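Some notes on the structure that comes next.
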Amino acid sequence: MQKKPTFLTQIIIGALLVTIVIGATSLWVTSGARSAANKAANKVTEFYLREFAGRRSQMVSAAIDEEFEHMRRALQLVEPADLASQDALRAFIGKVETAYGTNQFAIVDEDDVVYARYATYSGGSRYDFLSNGALDGGDVISATNLYGANKQVCLAIPVSGLTFLGKDLKACFVQVDIESVIRGLALDAEENKTSFGLYYRNGENLTNLDFGPIGASENLLDALRDVLDVSTWNDLSKSFYDGKQDGIEFSYGGVRQTLYFAPVPETNWVLTALVSDDLIQDQMRSVGDEMIMRSTIQILVTGLALLAYFGAIVIKTRKTSEAMLAIERQNTKVAGERAEKSEQALSEVKQIAYTDALTGVKSKFAYTEKEAELDQAIREGSVSDLAVVVCDVNGLKYVNDTYGHAAGDEYLCAACKLICEMYDHSPVYRIGGDEFVILVQGDDYERREQIFAEFNKRVEENIAQGRAVVSAGMADFEPHDEQLYVVFHRADQRMYERKARLKELGARVRD
């Protein structure tokens with residue numbers, strides 16, 4: 076007579092059957108999950124690179140447009156006094172570079188003589204756009220090697236109606252270090268191992284930077300010719316030539332690569348982004364594999380636990396859940412504390428950046444940010460009661476050279492104290508070694524004429540007493556003003572007129 080299976084045997088058989096069913100189901104789910112993960116990874120990779128390449132091409136274009144706009148605004152501010160001599164012209168160029176953060180701004184006359192901030196030279200042999208008639212068509216973007224291996228991009232606009240030293244002015248231009256632009260774009264993508272490049276539409280590298288495994292001196296299209304089939308390469312080349320957004324996957328040197336590219340608007344450049352070794356796919360697969368491994372372990376543990384005692388697994392699961400919850404709470408607490416410390420540190424750093432270390436007033440960085448904020452408000456028509464006072468501390472260089480920089484710092488602080496006492500309801504900014512700006516608003520604006528007169532009276536008293544002397548000029552915001560710098564410029568001119576008046580009164584003005 077055949078014996079019936081014992082209760083323990085039944086439990087073992089039942090546990091094995093449950094384990095087999097769960098295992099088979101897990102394998103089926105795993106296969107489907109792996110396939111879905113691969114598809115999702117491809118979509119994420121495409122989206123990731125499309126986002127990076129597309130947005131950064133717009134950033135490059137916006138940077139170029141901004142430089143062109145700066146040059147046009149600078150030309151609108153040129154006055155006859157700025158063209159009276161080379162020194163006056165160079166001073167004007169320096170103001171433009173300081174005001175707009177522009178690098179290597181220059182003006183060219185009809186004989187291709189280039190006037191820069193610190194030099195005057197012939198530009199006909201250096202810049203093709205001066206001699207090949209490119210300026211006849213308007214704005215010019217010209218890439219060239221100027222300083223050894225460092226590639227520069229010249230942005231030029233034609234000039235008309237202005238003369239300097241008896242010669243018509245022909246153009247003005249700025250020079251942009253294109254490699255620094257690319258490095259800046261790639262900075263926030265370094266952890267993701269994303270490479271960026273800038274190419275002409277014929278595949279020639281616009282910079283001296285390597286693009287992933289492709290060397291700086293290699294033509295991108297030529298480099299890919301040997302790793303792509305003819306049809307794919309032809310499609311790629313056509314998209315490049317036509318300035319389209321597109322992407323492609325390929326193997327280079329045995330390593331899987333994903334390339335995406337997008338045209339830079341209003342240029343013949345193409346911005347490229349490259350991720351090596353299927354970075355995003357590998358990361359997603361590793362997450363999926365880890366989840367599958369944990370699921371498999373859980374299945375085995377569950378099956379073995381069924382052989383012993385079902386109650387034990389319940390208790391163990393409860394304890395494990397409680398422990399994981401405690402760990403999660405602890406991790407959340409630690410993360411919150413770290414975030415709070417980081418936010419506090421960021422606030423402290425920002426406060427330091429916004430404050431001038433010597434005088435304690437607001438810094439040039441704070442003024443630049445406030446200027447951008449007011450320019451936006453001006454464009455929106457929400458600015459009315461506003462005046463700008465530009466101050467220059469007379470004699471600071473003389474004090475530094477005669478009595479030392481410690482005495483110069485005391486002299487500068489005394490001048491700053493006088494300014495702050497007179498404008499105690501308006502923000503004061505130190506924007507240069509001896510230059511201050513006050514944005515007169517509120518109660519100070521209503522009493523601006525009275526305060527300004529009292530300020531000048533105090534200054535004239537200081538002349539006789541040998542105290543700090545400050546030249547100041549004030550200008551009101553007018554409804555037709557399109558940006559804050561126009562008001563600043565008027566106040567700056569009046570400041571120089573005041574400086575000349577103080578000289579007549581006997582003020583010490585030696586720098």
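For this note's numbering, add 75 to where a residue sits in the sequence shown, where the first one is 1. Glycine included, each C-beta is placed from N, C-alpha and C at the ideal position. Just so you know, these numbers come straight off a predicted model, no measurement behind them.
Query: Glu299 versus Leu281, Thr269, Asp211 and Leu334, residue with shortest Cα-Cα distance; Result: What sits at residue 299 in the sequence shown is Leu, not Glu. Measuring from the Cα of Leu299, the nearest candidate turns out to be Leu334.
Query: Cutoff 7 Å; reference Gly581; Cβ partners in own chain excluding five residues on either side; Result: Ile538
Query: Inter-residue Cα distance where the pair is Ile257 and Thr282; Result: 9 Å
Query: contact_flag[the stretch 453-465, the stretch 503-518] where n(CB pairs < 8 Å) is 3 or more; Result: yes
Query: Alpha-carbon to alpha-carbon, Glu455 and Glu557; Result: 10 Å
Query: Assigned exposure category for Asp301 - 16 Cβ within 10 Å defines buried; Result: exposed
Query: Same chain, Cβ closer than 7 Å to Ile526, neighbours up to 5 away in sequence not counted; Result: Met497, Tyr498 and Asp519
Query: Closest Cα partner of Asp304 within the set Lys574, Ile323, Ile289 and Lys319; Result: Ile323
Query: Between the CA atoms of Ala489 and Ala543 - distance to the nearest angstrom; Result: 6 Å
Query: Extent of the continuous beta strand (DSSP E) run through Asn469; Result: Ala462 to Asn469
Query: Under the three-state DSSP convention, the category Tyr175 falls into; Result: helix
Query: Inter-residue spacing [alpha-carbon to alpha-carbon] between Pro502 and Lys437; Result: 7 Å
Query: Option nearest Phe239 by Cα separation, candidates Arg165, Lys532, Gly212 and Tyr429; Result: Arg165
Query: Per-residue DSSP class, three states only, for Arg201; Result: coil
Query: Validate contact between the stretch 335-344 and the stretch 313-320 using beta carbons, cut 8 Å, 3 pairs; Result: yes
Query: Where Asn309 falls, given that 16 or more other Cβ within 10 Å makes a residue buried; Result: exposed
Query: Nearest-angstrom beta carbon gap, Thr347 and Ala128 [assumed within contact, 8 Å]; Result: 7 Å
Query: DSSP bridge partner residues for Glu324 (one or two, in chain order); Result: Thr333
Query: Backbone CA spacing between Leu471 and His145 [nearest angstrom]; Result: 31 Å
Query: 6 Å Cβ shell around Ser270 - same chain, five flanking residues per side excluded; Result: Phe286, Gly287 and Leu349
Query: Ala156 beta carbon less than 8 Å from that of Ala163; Result: yes
Query: Pairwise C-alpha distance: Lys439 and Gly507; Result: 7 Å
Query: Whole-number beta carbon distance between Gly278 and Asp252, since they are thought to touch under 8 Å; Result: Wrong, their Cβ atoms sit about 22 Å apart, outside the cutoff.
Query: Assigned secondary structure, Pro233 (DSSP; H/G/I helix, E/B strand, else coil); Result: strand
Query: Alpha helix (DSSP H) segments (min. 4 residues) lying fully within the stretch 433-461; Result: 439-454
Query: Buried versus exposed, by CB contacts within 10 Å (16 or more), Gly176; Result: exposed
Query: Through-space distance from Asn469 to Lys578, alpha-carbon basis; Result: 10 Å
Query: With 16 other Cβ atoms within 10 Å as the buried cut-off, status of Gln405; Result: exposed
Query: Contacts around Tyr486, its chain only, beta-carbon distance under 8 Å, and the 5 residues preceding and following it disregarded; Result: Val468, Gly470, Leu471, Val474 and Ala543
Query: Met271, enclosing beta strand (DSSP E) - first and last residue; Result: Reading the sequence as shown, one finds Phe at residue 271 and not Met. Taken as a continuous stretch (DSSP letters only), the beta strand (DSSP E) holding Phe271 covers Thr269 to Tyr275.
Query: Where the alpha helix (DSSP H) containing Ile526 begins and where it ends; Result: Arg523 to Gln540
Query: Rounded C-alpha distance that separates Ala547 from Val562; Result: 14 Å
Query: Where Leu559 falls, given that 16 or more other Cβ within 10 Å makes a residue buried; Result: buried
Query: Beta-carbon proximity list for Leu284, same chain, < 8 Å, skipping 5 on both sides; Result: Glu254, Ile257, Arg258, Gly272 and Ala291
Query: Residue environment, Tyr478, which counts as buried when at least 16 other CB atoms sit within 10 Å; Result: exposed
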